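Note that this note's numbering numbers the sequence shown so that position 112 is 112, with each residue one more than the last. Cβ atoms here follow ideal geometry from the backbone N, Cα and C, with glycine treated the same way. These numbers were taken from a predicted model, which means no experiment stands behind them. Right, one structure below, let's go through it.
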Amino acid sequence: MRYNHLLQLLSLSLSLLLGLSSAPLAAQLPQTPSGFTDHPLLERFPDAQIVEAEYRESVVHTLVLGSLQRIREQVVPDAFDRIRGNVTRILYEISQEYSGADVYEFYREQMREKGYVLLFGCEGRVCGSSNYWANDIFHKRILYGPERNQYYVAMRTNSGVKNASSMSLYIITRGNLRSYAYVEIIESGGEIPPTNSVDSKAILSLLQKDGSVVLPGIAFESDDRLDPQSNLDYLVEILQSEPGLQVFLVGHLQGSDPFSSLVQRSLARAGALQQELVERGVAAARIEAQGVGPLAPMCAASDCSARIEMVLR
Numbered sequence: 001m002r003y004n005h006l007l008q009l010l011s012l013s014l015s016l017l018l019g020l021s022s023a024p025l026a027a028q029l030p031q032t033p034s035g036f037t038d039h040p041l042l043e044r045f046p047d048a049q050i051v052e053a054e055y056r057e058s059v060v061h062t063l064v065l066g067s068l069q070r071i072r073e074q075v076v077p078d079a080f081d082r083i084r085g086n087v088t089r090i091l092y093e094i095s096q097e098y099s100g101a102d103v104y105e106f107y108r109e110q111m112r113e114k115g116y117v118l119l120f121g122c123e124g125r126v127c128g129s130s131n132y133w134a135n136d137i138f139h140k141r142i143l144y145g146p147e148r149n150q151y152y153v154a155m156r157t158n159s160g161v162k163n164a165s166s167m168s169l170y171i172i173t174r175g176n177l178r179s180y181a182y183v184e185i186i187e188s189g190g191e192i193p194p195t196n197s198v199d200s201k202a203i204l205s206l207l208q209k210d211g212s213v214v215l216p217g218i219a220f221e222s223d224d225r226l227d228p229q230s231n232l233d234y235l236v237e238i239l240q241s242e243p244g245l246q247v248f249l250v251g252h253l254q255g256s257d258p259f260s261s262l263v264q265r266s267l268a269r270a271g272a273l274q275q276e277l278v279e280r281g282v283a284a285a286r287i288e289a290q291g292v293g294p295l296a297p298m299c300a301a302s303d304c305s306a307r308i309e310m311v312l313r
């Protein structure tokens, strides 16, 4: 009896010890609302495996909306959104029978089917250094690989819906041929509205370094009038902070219209932007509008078909 009683005590003590030792480990495991399953807003790529997942409530998240540059020892995007909300992060490893391009097309097609709004996208070297994305933006060394093997896309569920969710997807094939897809989903809590912010210092630095820069956040309506939602604050800030700066605003436009029409429309767009800047207090003599239509189709941005470039005079 005493022997059996001793065994029972040892068994109970061992159970308690195992329970106490395992509790902190379980508490440290990253949890998502769906318990290590896919987020309902994005379906998993076939045969992909979740490597890690994380969920954080009510944080301010920076959604990258432009290529990356290193300026004054700091990596900054050309444009970004700052959003407060609940953030889900999921890292997938892709089966080696698929390429990064396969994954990219899968998610782009899913985005189109669900009616998500494309905010920004880039491929290969246009995205900037993979080292910047892996270590400075996402803080995950496993995402570092050759620049030619990377893809990035930022999207929103519906730009016309209050508290719409935003998402970013980064895909990389490393030198060892292993591919990964990293998803970040921000469900806005509505405490602060999403704002499209552009780093004016970064834009000015690129202008001074390269002599020209594609202006982010500038959009036009179908009749070539400036979209009222265009972000001009950073541009006004640049011109006001550098009173000696004189620039060309060069409109670029591709399409099926006759060449002369495209040139005329691109000039009209540049002129509309010039007029708005003058109305905001910038001297007209400092900014000259030009339009070249489809004559310069190449640029460093992800979409060059319709853009305004600021060029030093």
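First and last residue of the uninterrupted beta strand (DSSP E) at residue i
i, result
"E105", "No beta strand (DSSP E) holds E105; the alpha helix (DSSP H) holding it covers G100 to K114."
"L118", "V117 to E123"
"Q290", "I287 to G291"
"S58", "Q49 to V64"
"E97", "Here E97 belongs to no beta strand (DSSP E), and DSSP marks it neither H nor E."
Unbroken alpha helix (DSSP H) run spanning residue i, endpoints
i, result
"F259", "F259 to E279"
"L207", "S200 to D210"
"S232", "A small fix is needed here, since residue 232 is Leu in this sequence, not Ser. Element bounds for L232: n/a, residue is neither H nor E."
Per DSSP, cross-strand counterpart(s) of residue i
i, result
"Y144", "Its beta-bridge partners do not exist; DSSP assigns none."
"Q69", "V76"
"Q150", "I172"
"A181", "Y92 and I171"
"R84", "V60"
"R307", "H252"
"E187", "N86 and S165"
"R314", "No answer is possible for residue 314: it lies beyond the span of the chain, which begins at 1 and ends at 313."
"I312", "First, the residue type needs correcting, since residue 312 is Leu and not Ile in the sequence shown. DSSP, once it has assigned bridges, lists V247 as partnering L312."
"F138", "F138 pairs with nothing; no bridge assigned."
Beta-carbon gap between residue i and residue j smaller than 8 Å
i, j, result
"V75", "A154", "no"
"R108", "E54", "no"
"L249", "M310", "yes"
"G293", "S266", "yes"
"A306", "L262", "no"
"E237", "S205", "no"
"L239", "L277", "yes"
"Y104", "Y180", "no"
"R84", "V117", "no"
"R125", "R148", "yes"
"Y345", "F138", "This structure leaves residue 345 out entirely; the chain is present only between 1 and 313."
"P146", "G128", "no"
Cβ-Cβ separation, residue j to residue i (assumed contact under 8 Å), whole Å
i, j, result
"A272", "L226", "4 Å"
"S165", "E187", "5 Å"
"I172", "S130", "6 Å"
"Y132", "R70", "7 Å"
"G251", "I308", "6 Å"
"V247", "I185", "V247 to I185, Cβ: 39 Å. No contact."
"R44", "T62", "Wrong, their Cβ atoms sit about 25 Å apart, outside the cutoff."
"C122", "S67", "6 Å"
"Q110", "L42", "7 Å"
"D224", "A296", "The Cβ separation is near 18 Å, so there is no contact."
"G291", "Q264", "7 Å"
"A289", "V198", "That belief does not hold up - the Cβ atoms of A289 and V198 are roughly 21 Å apart, past 8 Å."
If contact is defined by three or more beta carbon pairs under 8 Å, each pair taking one atom from either stretch, is the segment 139-157 in contact with the segment 210-226? no
Taking contact to mean 3 or more Cβ pairs, one atom from each stretch, closer than 8 Å, check whether the segment 93-103 and the segment 43-58 are in contact. yes
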